[in-house]
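The sequence shown begins at 665 in this note's numbering and counts up by one.
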Amino acid sequence: MCANLLTPHIYSTLILSAVRPSAVSTMATTPFVRKSSWFSKLIYPFSSPGQSITDSYKPSSANGNQCFLPIRSDEELEDTLRANNRTPLIFNFTVRGDSKCNELTGALNRIVLLETDKKVNIADVETDYMEVRSSMLRYGVKHVPTLVAVRKTFLVDSYVRDGDKPVNWLDLKKWIEKNAD
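Spelled out as structure tokens, the structure:
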């Protein structure tokens, strides 16, 4: 058991000893820029290969709309509300891996980031985390998936998908634009 605990230390020592000192100093002085490796897609995909991490905090689309990172706790939800400022915000209460949720999430992202000219931001709230249950109660979410439109932390409107029917893009786009600026 003791050997298993020491194994990561041994491997990290071997890896660090194999790295050239000049490569380490170069890595420390240059800002992180996305490379075309599998690791770059794990963190967060930037819109262009030469873009830096700080550039990724700018609006996600040409129309200025943003898609915030997934929310997994009430504290993250409050932080997102503060960061959003005065722009209308749509919370997508969803579960990853569910086909109904994924279909609605894809339609929402496409409409907000590519198809609408109105100002609105979106954020996915992952409901499979217990830490978001009080937010679900706060915004009256009884079914998943549910979209909730928020202005200045107050609930404005909600959208619940009709049963097993496919997503109606025209109705969804009309609902999004009704709740956008």
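We put the CB at the ideal spot given by N, CA and C, even for glycine.
Check: Near T758, what residues of its chain come up, given a Cβ to Cβ distance below 6 Å and the 5 sequence neighbours on each side ignored?
Finding: Excluding sequence positions up to five before and after T758, its CB lies within less than 6 Å of the CB of C765, T769, D788 and P809, all in the same chain and listed in chain order.
- [ ] Could you name the residues of the same chain whose beta carbon sits closer than 6 Å to that of L753, not counting the 5 residues immediately before and after it, in chain order?
- [x] N785 and V814.
Is the beta carbon of W833 closer than 8 Å to that of Y823? Inclusion of Y823 and W833 in the CB contact set at 8 Å is not warranted, their separation being larger than that value.
Item to check | Residue range of the unbroken beta strand (DSSP E) whose run includes I735 | outcome: Counting along the chain, the beta strand (DSSP E) containing I735 begins and ends at C731 to I735.
| query | What are the start and end residues of each continuous alpha helix (DSSP H) run of 4 or more residues lying completely inside the segment 788-813, in chain order? | reply | For the segment 788-813, the continuous alpha helix (DSSP H) assignments of 4+ residues that do not extend past its boundaries occur at 797-802, in sequence order.
Task: Proximal residues to L811 (C-beta, below 6 Å), its chain only, five neighbours per side dropped - done: I754, N756 and Y823.
- [ ] Determine the extent of the alpha helix (DSSP H) in which I754 is found, giving its start and end residues.
- [x] Unbroken run through I754 is the beta strand (DSSP E), L753 to T758; no alpha helix (DSSP H).
**Message:** Starting from D821, trace the alpha helix (DSSP H) in both directions and tell me its first and last residue.
**Reply:** Premise fails: D821 lies in the beta strand (DSSP E), F818 to V824, not in any alpha helix (DSSP H).
What are the partner residues of N785, as DSSP defines its beta bridges? Beta-bridge pairing by DSSP links N785 to L753.
- According to DSSP, what are the bridge partners of S815? Per the sequence presented here, residue 815 reads as Arg, with Ser not at that position. R815 is bridged to F818.
Open item on the list: Taking the straight line between their C-alpha atoms, what separation do you get for N749 and Q730?
Closed with: The straight-line gap separating the alpha-carbon atoms of N749 and Q730 is approximately 12 Å.
- Compare the Cα-Cα distances from D845 to each of G804, H807, V776 and M800 and report the closest residue. Cα-wise, what sits closest to D845 is V776.
Per-residue burial, F732 [other beta carbons within 10 Å of its own, 16 or more giving buried]: Buried.
D743, DSSP secondary structure in three states: Per DSSP, reduced to three states, the secondary structure at D743 is helical.
Practice problem: State the start and end residues of the unbroken alpha helix (DSSP H) segment that holds G770. | Solution: From DSSP, the alpha helix (DSSP H) with G770 extends over S763 to R774.
Unbroken alpha helix (DSSP H) run spanning K838, endpoints: K838 -> alpha helix (DSSP H) spans W833 to K842.
task: Determine the direct distance from the alpha carbon of E739 to that of V831, and round the result to whole angstroms.
output: V831 and E739: Cα-Cα distance of roughly 30 Å.
Environment of L801 [buried if 16+ CB atoms lie within 10 Å]: When all chains shown are included, L801 counts as exposed.
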